Amino acid sequence: MKMLRLKLFFLFLFMPLFLFAQDQQWRIFKSTHFLVYYNAAPEDILNRLTQRAEEYYNEITNDLGFNRLNFWTWDDRAKIYLFDTQEEYMRATGTPDWSAGQTMASSKVIRTFITAPDFLDNILPHEMGHIIFREMVGFNNPAIPLWLEEGVATYQEKQRTPGIKKYLAGQIHKGSFMGLAGLESFELANSKDKEKVELFYLESYSLLDYLIKEFGKDKFVLFCQNLRDYKDLTRALALAYSFGGLEDFESSWKARILQ
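Numbers in the numbering used here are just positions in the sequence shown, counted from 1, shifted up by 1.
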């Protein structure tokens, strides 16, 4: 099966806010919870962008079952940097050519470019998912694996790739499935293998879908609270879901894929 579109995202948690913008002159378009920094983007694009961003602002927390404590208002609004071209975006961010969006979660900053594919339906909610998730579990939390971070973000995308479960089942049968250990060791930021990058995102999405669909939002919230409080992935899983360990968790997840 030829997999469909590649998930095109990139995450940075702790990068100096204006490292990439020192020589850039920005115009600012404002909404209630967002500041959009842009240069030549048309007004209709800016209006659509802020309208969808405001819709996602509450939708994502409801989707994950989170109660919002931090409100993005006034000086605490999220910032979206909208580059005119992919070349400008890549030059400023240093990201690979498969990246179409980047998040600096602790600063509530999202960076992308005008022609980024599927921006409103996928990139925008994906990157906002990073920020809202980190507000819940902590920005300096070492217990958060990248697969969980990206799984939460990918779960927010509005355009789902059909056939994920069938594709992942095929990867298991072929011996190409990454599993938790593979996801944990995968160097996403440095990878030039688009098929591996795609598999990483699809497995991460599948893990989130499994936790939320199989056990419900309340247990997922408890899991995130445990991660925040104990900063220990294995303990957080055991307390929320009663898994005997990471191997038990992976076995249960793979069994669901193969059903």
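Ideal Cβ positions, reconstructed from N, Cα and C, are used throughout, including at glycine. Keep in mind that this is a model prediction, so the values were computed, not measured.
Judged by DSSP secondary structure, Lys166 falls within the alpha helix (DSSP H) whose first and last residues are 165–175. DSSP places Ala79 within a strand segment (E or B) once states are collapsed to three.
Excluding sequence positions up to five before and after Ile173, its CB lies within less than 7 Å of the CB of Lys255, Ile258, Leu259, all in the same chain and listed in chain order.
Apart from the 5 residues on each side of it in sequence, Tyr82 sits with its Cβ closer than 6 Å to the Cβ of Tyr38, Arg112 in its chain, given in chain order.
For Arg112, no alpha helix (DSSP H) segment is defined; the enclosing uninterrupted segment is the beta strand (DSSP E) at 110–114. Per the C-alpha coordinates, the member of Ala93, Pro118, Leu209, Ala106 positioned closest to Ala79 is Ala106. In the structure shown, Met179 falls within a coil segment according to DSSP collapsed to helix, strand and coil. Put simply, the backbone Cα of Ala239 is about 18 Å away from that of Asn142. Using a Cβ-Cβ distance cut-off of 8 Å, the stretch 62–73 and the stretch 124–135 are in contact, since at least three pairs of beta carbons, one from each stretch, lie closer than that value. Glu248 has its alpha-carbon roughly 43 Å from the corresponding atom of Thr51. When C-alpha distances from Phe84 are compared across Trp27, Asn63, Gly245, Glu158, the shortest belongs to Trp27. Lys167 and Tyr202 have their C-alpha atoms some 15 Å from each other. Here Thr116 is exposed, its C-beta having fewer than 16 other C-beta atoms within 10 Å. Cβ neighbours of Gln157 within its own chain (closer than 6 Å, five residues either side excluded): Ile61, Pro126, His127, Gly130. Cβ atoms of Glu56 and Thr33 stay farther apart than 8 Å, at about 12 Å.
When C-alpha distances from Leu181 are compared across Arg49, Arg92, Leu47, Glu251, the shortest belongs to Glu251.
For Leu247, the enclosing alpha helix (DSSP H) stretches over residues 247–258. Look at the stretch 124–166 and you find these whole runs of alpha helix (DSSP H), each 4 residues long or longer: 125–138, 147–156. Each residue's CA atom was taken as its position, placing Arg236 and Phe30 some 44 Å apart. One Cα belongs to Asp230, the other to Met137, and the distance between them is close to 10 Å.
Spanning the alpha carbons of Glu196 and Cys225 requires a straight line of approximately 30 Å.
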